[in-house]
Amino acid sequence: MGHNYAKPLTSGQKMERLLTRIPPSWAIRMERATGPALWRAMVHAPEAAEGAWSDAHQDPADALEDAWRRNRTVLA
1 MGHNYAKPLT
11 SGQKMERLLT
21 RIPPSWAIRM
31 ERATGPALWR
41 AMVHAPEAAE
51 GAWSDAHQDP
61 ADALEDAWRR
71 NRTVLA
């Protein structure tokens, strides 16, 4: 009996999915630290001065997802 396991998304697929979920009017900022090459991201609504930064991640898509999860509560 075969199993149908979902393949994990690639970094590019995850980034594409996130960019379709974040409203176009929101600001997105990404930074890569020198040395360990870790990524951080921040997203915020236009009416907010600035959002919360994500933790440092090896994958830029993970950093963007972390930032989106921290700041999307503004929509609620």
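The sequence shown begins at 1 in UniProt numbering and counts up by one. All C-beta atoms, glycine included, are put in the ideal place defined by N, C-alpha and C. Given the structure is predicted, the values throughout are model-derived calculations rather than measurements.
Check the C-beta distance from residue i over to residue j and give it rounded, since I have them as a contact under 8 Å.
| i | j | result |
| --- | --- | --- |
| residue 9 | residue 65 | Actually they do not touch by this definition, with Cβ atoms about 10 Å apart. |
| residue 54 | residue 67 | 4 Å |
For residue i and residue j, I'd like the C-alpha separation in whole angstroms.
| i | j | result |
| --- | --- | --- |
| residue 72 | residue 61 | 16 Å |
| residue 12 | residue 46 | 26 Å |
| residue 48 | residue 30 | 17 Å |
| residue 24 | residue 34 | 29 Å |
Report buried or exposed for residue i, applying the criterion of at least 16 other Cβ atoms within 10 angstroms of its Cβ.
| i | result |
| --- | --- |
| residue 21 | exposed |
Just to confirm my understanding: we take residue i, look at its own chain, exclude 5 residues before and 5 after, and list those with CB closer than 6 Å. What are they?
| i | result |
| --- | --- |
| residue 39 | 32, 57, 60, 63 |
| residue 14 | 61 |
| residue 28 | 43 |
Once the 5 residues before and after residue i are set aside, which same chain residues still bring their CB inside 8 Å of it?
| i | result |
| --- | --- |
| residue 50 | 42, 44 |
| residue 5 | none |
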